[in-house]
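4 protein chains.
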Amino acid sequence: MRKTIVGVMGGSTADDRTAAAAKELGRLIAENGWVLLSGGRPTGVMQASVTGARLAGGLTLGVLYDDDHEEAAEGLDIVLPTGLGAGRNIINVLSSDVVVACRGQGGTLSEIALALRFGRPVVLLDFDPGAVFMDASAHGARWAMAGTPVEAAQKVREFLIELGRE
Amino acid sequence: MRKTIVGVMGGSTADDRTAAAAKELGRLIAENGWVLLSGGRPTGVMQASVTGARLAGGLTLGVLYDDDHEEAAEGLDIVLPTGLGAGRNIINVLSSDVVVACRGQGGTLSEIALALRFGRPVVLLDFDPGAVFMDASAHGARWAMAGTPVEAAQKVREFLIELGRE
Amino acid sequence: MRKTIVGVMGGSTADDRTAAAAKELGRLIAENGWVLLSGGRPTGVMQASVTGARLAGGLTLGVLYDDDHEEAAEGLDIVLPTGLGAGRNIINVLSSDVVVACRGQGGTLSEIALALRFGRPVVLLDFDPGAVFMDASAHGARWAMAGTPVEAAQKVREFLIELGRE
Amino acid sequence: MRKTIVGVMGGSTADDRTAAAAKELGRLIAENGWVLLSGGRPTGVMQASVTGARLAGGLTLGVLYDDDHEEAAEGLDIVLPTGLGAGRNIINVLSSDVVVACRGQGGTLSEIALALRFGRPVVLLDFDPGAVFMDASAHGARWAMAGTPVEAAQKVREFLIELGRE
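So the sequence lines, in the order shown, correspond to chains R, B, F and C.
Each residue of the first sequence is one higher than the last, beginning at 1183 in our numbering.
Each residue of the second sequence is one higher than the last, beginning at 1183 in our numbering.
Each residue of the third sequence is one higher than the last, beginning at 1183 in our numbering.
Each residue of the fourth sequence is one higher than the last, beginning at 1183 in our numbering.
1) Taking Leu1258 of chain R as the reference, give the member of R:Gly1222, R:Gly1288, R:Cys1284 with the closest Cα.
2) To be precise: take each residue of the segment 1198 to 1226 of chain F, compare its Cβ to all Cβ atoms of chain C, and keep it if any distance is under 7 Å. Which residues remain?
3) Can you give me the Cβ contacts of Leu1342 of chain R inside the same chain, cut-off strictly under 7 Å, excluding the 5 residues immediately before and after it?
4) Should Met1228 of chain F go down as buried or exposed, given a rule of 16 or more other Cβ atoms within 10 Å for buried?
5) On the CB-based measure, 16 or more other CB atoms within 10 Å of its CB, does Thr1242 of chain B come out buried or exposed?
6) Under 8 Å: do the segment 1225 to 1240 of chain C and the segment 1236 to 1256 of chain B share three or more Cβ pairs, one atom per stretch?
7) Considering only their Cβ atoms, is the gap separating Gly1189 of chain B from Gly1286 of chain B smaller than 8 Å?
8) With contact counted as at least three CB pairs below 8 Å, one residue from each stretch, are the segment 1295 to 1303 of chain B and the segment 1249 to 1264 of chain B in contact?
9) With a threshold of 8 Å between beta-carbons, can Gly1265 of chain R be considered close to chain F, or not?
10) Residues in the same chain with beta-carbon distance under 6 Å from Val1282 of chain B, minus the five sequence neighbours each way, listed in chain order, please.
11) Taking C-beta to C-beta, are Gly1312 of chain C and Phe1315 of chain F nearer than 8 Å?
12) Report the neighbours of Val1261 of chain B on chain F: residues whose CB is nearer than 7 Å to its CB, in chain order.
13) In whole angstroms, give me the CA-to-CA distance for Pro1224 of chain C and Leu1266 of chain R.
14) Under 8 Å between C-beta atoms, does Ser1194 of chain B make it to chain F?
15) For Gly1215 of chain F versus Thr1233 of chain F, is the C-beta distance shorter than 8 Å?
16) Using a beta-carbon distance below 8 Å, is Ser1277 of chain R in contact with chain C?
17) Is the Cβ of Phe1309 of chain F closer than 8 Å to any Cβ of chain B?
18) Any C-beta of chain C within less than 9 Å: which residues of the segment 1286 to 1305 of chain F qualify?
19) Tell me which same chain residues have a C-beta within less than 8 Å of the C-beta of Arg1339 of chain F, skipping the five on either side of it?
20) Could you compute how far the alpha carbon of Asp1197 of chain R sits from the alpha carbon of Gln1336 of chain R?
21) Spell out whether any CB of chain B is found under 8 Å from the CB atom of Phe1315 of chain R.
22) So, is Gly1269 of chain B buried or exposed, given that buried needs 16 or more other C-beta atoms within 10 angstroms?
23) In the structure shown, what three-state DSSP assignment does Ala1334 of chain F receive?
24) Counting only Cβ-Cβ distances shorter than 8 Å, please list the residues of the segment 1232 to 1259 of chain F near chain R, keeping chain order.
25) Can you round the beta-carbon distance between Pro1263 of chain B and Leu1246 of chain B to whole angstroms, since I take them to be within the 8 Å contact cut?
26) Using the beta-carbon of each residue, which ones in chain C are nearer than 7 Å to Gly1269 of chain F?
27) Pull up the CB-CB distance for Ala1230 of chain F and Gly1244 of chain F, whole angstroms please, since I reckon it's below 8 Å.
28) By Cβ distance below 6 Å, which residues in the same chain neighbour Gly1226 of chain F in space, the five residues on each side in sequence not counted?
29) Determine the direct distance from the alpha carbon of Glu1344 of chain F to that of Ala1326 of chain F, and round the result to whole angstroms.
30) Would you kindly check if the distance between the Cβ of Ala1212 of chain C and the Cβ of Leu1218 of chain C is under 8 Å?
31) Can you tell me whether Asp1275 of chain B is buried or exposed? The criterion is at least 16 other CB atoms within 10 Å of its CB, across all chains shown.
32) Compute the distance between the beta-carbons of His1251 of chain F and Arg1184 of chain B, then report whether it is under 8 Å.
33) I believe Ser1277 of chain C touches Gly1288 of chain F by the beta-carbon criterion, under 8 Å. Please report the beta-carbon distance rounded to the nearest angstrom.
34) Taking DSSP's pairing of strands, which residues face Met1191 of chain C in a bridge?
35) Have a look at the DSSP bridge pairing and note the partners of Pro1263 of chain R.
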């Protein structure tokens, strides 16, 4: 049976609090035996979540913006250059069983919107893009808010149970 | 000199008010001599805006979800199948000089977020996805709200003047 | 009814003979009332074909590798940045009613293979990638060789008649 | 350090000899500790190579044509739906350290051409698309022919040594 993939989205820059949360989230994803998928850049939420997952011995995948293997987060097991630029955002979303969105900007918000559009459950970790946006995206879609990485991992688990994957 | 492109985004379903506004917007885009670009499907905001532009003799482009020319809005001059699914949303955004967003859901919201992320000015026509979302996407980005198609066309013109294209 | 699109593929560098043929081909495409679609870069076969079509008053489209409007062939009417890199090759192919391939390398050959795979007729203009390749790609697909731009335009017309578009 | 990825390309249908070779190749990739990447469909060379790798306990990745996880080869560890259709071919190529091409048609040939274009070494396993095609794609690119899976794995290893990855 294929492995469960949890996508972690978030800004290419991150303040200390966001980076710490992303790292802790990465650790929890690994400890649950889920694969961590991210945009794979060596900065911000992407690097922090990969670092956390790696320290806990998890499997980590990065779907890169660029067309070579160079611009990758340290500690990634599997580096997938696409050369598609922001066109790769849709892959991040569609390939994830559940998406966790940390604080981010336009790129992250586009991924949240696409996840809701394509029926991937979304957990917002310490990030609130507004109920108007979430409701507009979300007719019938599933999403939840979480204040801490532990809460986020719990919400991910609940969505995976609903999906029959736990 | 290349032609100015105004992208019209919005739902694949549209209520009467939204469809009427999209049609009127299409007409105004054509009358201003701008090319209308949309997702090109034969439904909702896409079909309505194409219909309006065509009646006014404008040039209309559709960047399709599918891999053949069939599923296209009636009246499109130029039909561009991509086979990329929602991966084509980024093209809608990057190819537009200015984006006008009518009411829509996740697909439309992903396009707004990407437009703000990549510096394409956005006009929201009778559609408010929330200031929190817009501000989160928009550090330094340009956007405006419009209540009517006439106001939206005016905002588009102002952005084009800023861009040196009018 | 939508406009007929003829895609011109070929190298981003071109020797004098290839550039002259591409320019002449562009002129013939315009004179036949077809839209010229290319990869839209300001070099090689792309620039030459656009120049030819523009001199004859045709409509020209460029589907760009990059994510802004800057790196475009001079004379393009409609510039479509995609930011998809070589991921945009599939759009060149799928959006064309008929593809003409001038001399090129890997990028051009990938477009020929995809065209044959997706049932877009291909005309090879003074370019022979080998019958083994063409036959391997082409179970049931349509392609023809042409020694000159005039012959190529004639072959395009014949394919368009078969497709019911002329 | 990131894992080495060997991409296996080939037809979505395969005769017995090609399927047997793809399965054996998958086994050898796994035994060498390389990750097997393929288009991930449950047919032809894709399914056969995944089956071989899985029986040998290797890690297998599929980059899917479709937008959900359903249409995946049996035995895939990591299933990545892209929704990009043939637009995902470029990912197969760019994400591979070395590409092995089994017998295929237009899709496979487009991947060989892109691999040569982007500097990914190619091993042709019991498949010859013609020297004219390979040379046209290949100015300065690296490729080799192999008659058997054992020879193909040996060629892959040699290319990986050149790349400093073994």
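Ideal Cβ placement from N, Cα and C applies to all residues, glycine included.
These numbers come from a predicted model, not from an experiment.
Let me spell this out:
1) As a position in the first sequence, residue 1258 of chain R is number 76, starting the count at 1. Out of R:Gly1222, R:Gly1288, R:Cys1284, R:Gly1222 has the C-alpha closest to the C-alpha of Leu1258 of chain R.
2) Taken residue by residue, none of the segment 1198 to 1226 of chain F has a beta-carbon sitting less than 7 Å from a beta-carbon on chain C.
3) Translated into the one-based positions of the first sequence, residue 1342 of chain R becomes position 160. These residues qualify, in order along the chain: Thr1186, Asp1279, Val1280, Glu1348.
4) For the purposes of this step, residue 1228 of chain F is identified with residue 46 of the third sequence, where counting begins at 1. It is buried - the Cβ of Met1228 of chain F has at least 16 other Cβ atoms within 10 Å.
5) In the second sequence, counting from the first residue as 1, residue 1242 of chain B sits at position 60. So Thr1242 of chain B counts as buried.
6) Contact between the segment 1225 to 1240 of chain C and the segment 1236 to 1256 of chain B is absent: fewer than three C-beta pairs spanning the two stretches fall below 8 Å.
7) The residue given as residue 1286 of chain B occupies position 104 in the second sequence. The residue given as residue 1189 of chain B occupies position 7 in the second sequence. The Cβ atoms of Gly1286 of chain B and Gly1189 of chain B do not sit closer than 8 Å to each other.
8) Result no; under three Cβ-Cβ pairs closer than 8 Å.
9) Taking the first sequence and counting its residues from 1, one reaches residue 1265 of chain R at position 83. So, interface residue.
10) As a position in the second sequence, residue 1282 of chain B is number 100, starting the count at 1. Contacts found: Val1190, Val1305, Leu1307, Ala1334.
11) Counting from one through the fourth sequence, the residue named residue 1312 of chain C turns up at place 130. Counting from one through the third sequence, the residue named residue 1315 of chain F turns up at place 133. Cβ distance < 8 Å, so Gly1312 of chain C and Phe1315 of chain F count as in contact.
12) Counting from one through the second sequence, the residue named residue 1261 of chain B turns up at place 79. Near Val1261 of chain B (Cβ distances below 7 Å), the residues of chain F are Arg1184.
13) In the fourth sequence, residue 1224 of chain C corresponds to position 42, counting from 1. In the first sequence, residue 1266 of chain R corresponds to position 84, counting from 1. Rounded to the nearest angstrom, the two C-alpha atoms are 25 Å apart.
14) Residue numbering aside, residue 1194 of chain B sits at position 12 when the second sequence is read from its first letter. False, the Cβ-Cβ gap to chain F never drops below 8 Å.
15) Numbered from its first residue, the third sequence carries residue 1215 of chain F at position 33. Numbered from its first residue, the third sequence carries residue 1233 of chain F at position 51. Cβ distance not < 8 Å, so Gly1215 of chain F and Thr1233 of chain F don't count as in contact.
16) What you label residue 1277 of chain R is simply residue 95 of the first sequence in a count that begins at 1. For Ser1277 of chain R, at least one C-beta of chain C is nearer than 8 Å to its own C-beta.
17) Along the third sequence, one-based indexing puts residue 1309 of chain F at 127. By the rule that beta-carbons nearer than 8 Å mark a contact, Phe1309 of chain F does not touch chain B.
18) Residues Gly1286, Gln1287, Gly1288, Gly1289, Thr1290, Leu1291, Ser1292, Glu1293, Ile1294, Ala1295, Leu1296, Ala1297, Leu1298, Arg1299, Phe1300.
19) The residue you call residue 1339 of chain F lines up with position 157 of the third sequence. Excluding residues within five positions, the ones whose Cβ falls inside 8 Å are Asn1214, Glu1348.
20) To locate residue 1197 of chain R, count along the first sequence from 1; it is residue 15. To locate residue 1336 of chain R, count along the first sequence from 1; it is residue 154. Here the C-alpha atom of Asp1197 of chain R lies approximately 24 Å from the C-alpha atom of Gln1336 of chain R.
21) Counting from 1 along the first sequence, the entry for residue 1315 of chain R is found at position 133. With 8 Å as the cut-off, Phe1315 of chain R counts as an interface residue toward chain B.
22) By 1-based counting over the second sequence, the position of residue 1269 of chain B is 87. Flag for Gly1269 of chain B reads buried.
23) For the purposes of this step, residue 1334 of chain F is identified with residue 152 of the third sequence, where counting begins at 1. Here Ala1334 of chain F sits in helix by DSSP.
24) Listed in sequence order: Asp1249.
25) Indexing the second sequence from 1 puts residue 1263 of chain B at position 81. Indexing the second sequence from 1 puts residue 1246 of chain B at position 64. Taking 8 Å as the upper bound for CB-CB distance, Pro1263 of chain B and Leu1246 of chain B are in contact here, some 5 Å apart.
26) Indexing the third sequence from 1 puts residue 1269 of chain F at position 87. In chain order, Gly1269, Ile1272 make up the part of chain C whose C-beta sits under 7 Å from the C-beta of Gly1269 of chain F.
27) Along the third sequence, one-based indexing puts residue 1230 of chain F at 48. Along the third sequence, one-based indexing puts residue 1244 of chain F at 62. That pair is no contact at about 13 Å.
28) Indexing the third sequence from 1 puts residue 1226 of chain F at position 44. Contacts found: Gly1193, Ser1194, Thr1195, Ala1196.
29) Walking along the third sequence from the start, residue 1326 of chain F turns up at place 144. Walking along the third sequence from the start, residue 1344 of chain F turns up at place 162. If you take the alpha carbons of Ala1326 of chain F and Glu1344 of chain F, they lie about 13 Å apart.
30) The sequence position of residue 1218 of chain C within the fourth sequence is 36, counting from 1. The sequence position of residue 1212 of chain C within the fourth sequence is 30, counting from 1. The answer is yes: Cβ separation under 8 Å.
31) Numbered from its first residue, the second sequence carries residue 1275 of chain B at position 93. Rather than Asp, the amino acid found at residue 1275 of chain B in this sequence is Val. That one is buried.
32) Reading the third sequence from its first residue, position 69 is the one you call residue 1251 of chain F. Reading the second sequence from its first residue, position 2 is the one you call residue 1184 of chain B. With contacts defined as CB atoms closer than 8 Å, His1251 of chain F and Arg1184 of chain B qualify as a contacting pair.
33) Counting from one through the fourth sequence, the residue named residue 1277 of chain C turns up at place 95. Counting from one through the third sequence, the residue named residue 1288 of chain F turns up at place 106. About 17 Å; that fails the 8 Å criterion.
34) Indexing the fourth sequence from 1 puts residue 1191 of chain C at position 9. In DSSP, Met1191 of chain C forms a bridge with C:Ala1283.
35) Position 81 of the first sequence, counted from the first residue, corresponds to residue 1263 of chain R. DSSP, once it has assigned bridges, lists R:Leu1246 as partnering Pro1263 of chain R.
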